[in-house]
Each structure stands twice: as structure tokens, then as C-alpha cells.
Ligand code: BGC
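In the working numbering, the protein residues as written are 4 to 533.
See below:
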């Protein structure tokens, strides 16, 4: 006699009925395992088939192999999914990845400016069979490393020219249980694909951050039982463990057996997890859709990212005499100088959360550097001289070879993520101040500042230069910078934060009355054309 397929496997049944049916078949151990999220490196048949762990993630920079292709990513996730489906109840995993500004762990994916373009970012991620997207930590920062991820100084002003790009994807914003560097709260935001957002409504899913619950006690993780009971009783549904899953499973089951965590809470958490899995359709379609692989790094996304770059740039100064604007630059100048550490560096312009957690310098992924974009846009007759580290003597030698119509100096920060970017001194690294001063002393100069946050710009320096643009961390499409610089498009961006004069003004908040004295106020941004 053929055994009937269990109700939860029947896609024609209502989601709630499927959730209840599956839950009723699960042991406590299986429930605890569904609540666990582990790192890719410990995802094996033992953890996914034998234990039936519920979710796997790639931490920042955690790829199947160095420079793995989108196909290899999909192969990896599909393999894990096969292991999960071979578990007693055959519950598929949710795979998570931080796609902070594109599928940023994947070599060759389009990298958007930080915090814009998440719509396309998500599609890149889905192409690799991933189901949820972390944003690498959202923090309303002062000068912390997470400032690159903070959206705005005031709730009501959107930094992103595409506010809907992140609104679309946000499912649950929660989980403020950890503490970095003694700060009481570190919130993490997880974006779940829009399908889920629309269908789940308020029955979202709360996921803790990386070793987040461990930080509930000092020394970190020392009283893990307490960390587990406090966080789960407070409403966390899924725990980004990410490595010590055996201890987690052992402690969680024992806490339930002893009554310190009510079974009702466990059932509530597991229901939420299963609901996401049913609603997202991964029971029916657990594997990647290979027809989507081609969209990773495709032209359409690169053009979209380029547009996002154009719209996120903020023009801060245009001409020593505002009546004589310096920009747009002439495309047919005879000889121009492109100087500075950040002119030809894809890694620097992408910033943190690119290929690795904290980012890196150089050709870490495919894209167009600002220098390359300038070379593409100027006329064939224009001689483009590139000098990453100009000194007084190199500059003198260059001058002896001929005069320059103008200089574009591109300087800024080295990439960082989270606490790695914490600094008390926010001057321009690599003596950026001196580089600007040196060049602007003899050549009319526009400065492009590549940074995740405002940096100190001395008043004397500001007077010396003709124009200043905050290009933020534009990502892989440097073409967007050249588009505005040379006047094919106007600047549109306005400052999402107040630009301080000196770090001792921090935290600088508009609306703070007479003491509010920024270099540029929040909302400031010039245009070239009316
Ligand atoms: C970040 C999270 C991220 C996690 C995994 C943490 O350091 O704060 O946003 O999801 O790492 O990469």
C-alpha cells in the first residue's frame, strides 16, 4: 500500500496548515536545528542531513573558492540543498549572504554605491540561489566604521536617491542584542526578497547577528546557556551562531527540557522559519534557477549602477568664484593630470564589503576605475597624465614637459567594515591633504573625495581648490563619476549627513540650534545646470 505524502509536502495546502503539519512531526532536536544558522565552512552532510540545520550563510568574503563564478556559487548552494533535502523531514535550508551593495562576495558582480541599488543586488543574489540578504550592519554612526552603512542623520531624509530600492526588500529590521566595542546596541538588518516581504506581513523572522548572542555576557560567550535563553526568550527566532552549533543545540534542547525556555516560544520561532520557507517556495523549488546566472554583472545592471553613481554624487564646491563655475570639465583639453591614490583603484572605490569583509585595494573585481572612465570620456587629442603619488619633484618634471589645463585629484579612505573603520582622526589618509595642496598650488583642481563618510577638509585647502565632489564609495562603475564631471549629466545628490569642520564637533546634528556650525549642512548639494 502506497504511503500518502505528508500534508506539508503538498503545495496545494494552505501555508498555515503546512506549517502546523510539519511542526507536529518534528522532534525537539530538529526544531532547535531549524533555529540554527551556520557558516558555509561547517555546512556538511553531518550538519545538514543528520542534524537538519535550518540555515547557512556566507560571511563577508566567504566564497566557495577564490574568485568562484556565479555558477560555482549556485553549485555550492544546490549541493547543500541536496544534503538538507536528504534529512529525515527533507526541510530545505535558507541560504544567506551579505549583499551590501551588490552580490559583493562574488567576483565579477556589479558593485553598486553603498546603500543604493539593492533591487538589482538582490537579483544577483537570487541568481545564485540565495534567499536572504544581510546588509552588513546598519549603524547610525559617528565616525565608526559602520558609518558607510548608515542611511541618514535624520529619519525623514533619504540618503538614497532610490529609497524604494531598499524599502522593497526590507522584511525585518530587528535584533539589537549585541554590543561592539562596548556600544550597547548594534542593529543588524536583514533583507528578505520581496516575495517574502509582501506575503509575510508582520509574521517576520528575527535573526541575530554574527556571534551576536555571545555578546550578551562577558567574557563573550562564557555563559552560553544564559546567552541562548535570554535571546530566544526575548524573541530571536534564528541564531547566526555561526560555528559552535553543537554547543548551541545541546544547550538549547536542555534549556527547553528544564523549562527555562518554554516550548511555546520554540514552536513560535520554528513556525516563523517554516512559514518563510513555505511562502518563498523553496520546498517546491529548492534549487537555483540557472537561467538567471547571466544577469550577474550584466550590462543592464552596470548601467543601473552607473546611474546610481551619478545620482549619489554630491557637488560641494564649483568655482573659486561661484559666478565662474569650474565644472563641467572640458572633454577636449590638451593635457590633464589625474592624480591621487584613488584615481585608478577599483577596490578603493568599492569600499568595504567587497569581495572580502573589509574590502581591499586594486583590481579585486571587475569594473571601471575613475581614471579609466575619464580616459574613455575625453577626446582622443587629450593627453591624460596619471600620477598616483605626486611629489614636488615629479610634479615639477611633469610641468617641464608641458602645462596642464586642469587636474582631477582623487583621494580618500582605505576600505573598511564595521569596527575596522573606527577612527578618531578623520583626516584624508595617505597625506591626501598634502597631495591636494601640492597640485592645487599650480594647477586648477577639482578634488574627488572617495569615502564612506565626511572627512576633515581644512578651510585653507578648500579655498585653494576650484571644485569639490563627494563621490562616496561609488562601487564598480566609475563611469558615473565621469558622466557628471564632464557635464553629460548634472549632479543631483544632497548631503545625507552634516559635513563637520573638525572631529570635535561630532556628533553633529542639524536642529541643534546655535551650536550647529557645519562646513556644509545636511541637505546641501550644488548643481551645474539650472
Ligand atoms: C555583520 C552582519 C553580517 C555578518 C555576517 C557581521 O559582522 O555585522 O551584518 O551579516 O557579519 O557576515
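Built from N, CA and C at the ideal position, the CB exists for glycine as well. From a predicted model like this one, the values you see are computed outputs, not experimental measurements.
- Taking 9 Å as the cut-off, the Cβ atoms of residue 40 and residue 58 count as close.
- Shortest gap from the CB of residue 60 to any heavy atom of the ligand BGC: under 8 Å.
- The three-state secondary structure of residue 389, taken from DSSP, is strand.
- Proximity of the beta carbon of residue 243 to the ligand BGC is indicated: a heavy atom of the ligand is located closer than 8 Å.
- Separation of residue 416 and residue 251 (C-alpha to C-alpha, rounded to the nearest whole angstrom) is 39 Å.
- By the criterion of at least three beta-carbon pairs nearer than 8 Å, the region 333-353 is in contact with the region 399-410.
- When rounded, the separation of the alpha-carbon atoms in residue 217 and residue 223 is 5 Å.
- Using a 10 angstroms sphere on the CB of residue 294, the tally of other CB atoms stays under 16, which defines it as exposed.
- Rounded to the nearest angstrom, the gap between the Cα atoms of residue 332 and residue 502 is 25 Å.
- Contact annotation: the region 461-470 does not touch the region 354-373, with fewer than three C-beta pairs closer than 8 Å.
- For residue 486, the enclosing alpha helix (DSSP H) starts and ends at 482-488.
- Residue environment analysis places residue 444 among the exposed positions, since fewer than 16 neighbouring C-beta atoms fall within 10 angstroms of its C-beta.
- One thing to note: residue 480 has its Cβ within 9 Å of the Cβ of residue 309.
- The continuous beta strand (DSSP E) containing residue 97 extends over residues 97-101.
- A direct Cα-Cα distance of roughly 52 Å separates residue 83 from residue 382.
- When distances are taken from the beta-carbon of residue 347 to the heavy atoms of the ligand BGC, even the shortest one reaches 8 Å or more.
- The beta carbon of residue 66 sits no closer than 8 Å to any heavy atom of the ligand BGC.
- For residue 338, the beta-bridge partners assigned by DSSP are 386.
- Using a cutoff of 8 Å, the CB of residue 101 counts as near the ligand BGC, since one of the ligand's heavy atoms is closer than that.
- Look at residue 7 here: in three-state DSSP terms it is coil, with no helix or strand label.
- Relative to the ligand BGC, even the nearest heavy atom lies 8 Å or more away from the CB of residue 425.
- The C-beta distance from residue 240 to residue 38 rounds to 7 Å, short enough to fall under 8 Å.
- Of the other Cβ atoms in all chains shown, fewer than 16 fall within 10 Å of the Cβ of residue 20; this residue is therefore exposed.
- Contact annotation: residue 244 and residue 235 have beta-carbon atoms that are not nearer than 9 Å.
- At a cut-off of 3 residues, the continuous stretches assigned as beta strand (DSSP E) that sit fully inside the region 373-460 are 386-390, 409-415 and 448-453.
- Sequence-distant partners of residue 321 (beyond 5 residues in either direction) whose C-beta falls short of 7 Å from its own C-beta, in its chain, are 328, 329, 330, 470, 529 and 531.
- A Cβ-Cβ distance of about 6 Å is found for the pair residue 22 and residue 281, placing them in contact under the 8 Å criterion.
- Cβ-Cβ separation between residue 455 and residue 117: approximately 7 Å, consistent with a contact (criterion under 8 Å).
- Taking all protein chains shown into account, residue 477 has 16 or more neighbouring C-beta atoms within 10 Å of its C-beta and is therefore buried.
- With a cut-off of 8 Å on Cβ pairs, the region 384-399 is not in contact with the region 297-316, counting fewer than three such pairs.
- Taken through DSSP and simplified to helix, strand or coil, residue 94 comes out as coil.
- A contact between stretches requires three or more CB pairs, one per stretch, nearer than 8 Å, and the region 345-352 meets this requirement with the region 366-377.
- The region 44-96 is shown to contain whole beta strand (DSSP E) runs of 3 or more residues at 58-61, in chain order.
- In the structure shown, the three-state DSSP call for residue 476 is coil.
- By the Cβ-count criterion, residue 266 is exposed, with fewer than 16 other Cβ atoms from all chains shown falling within 10 Å of its own Cβ.
- By the criterion of a C-beta distance shorter than 6 Å, residue 112 is surrounded in its chain by 105, 106, 127, 299 and 300, once the five residues flanking it on both sides are discounted.
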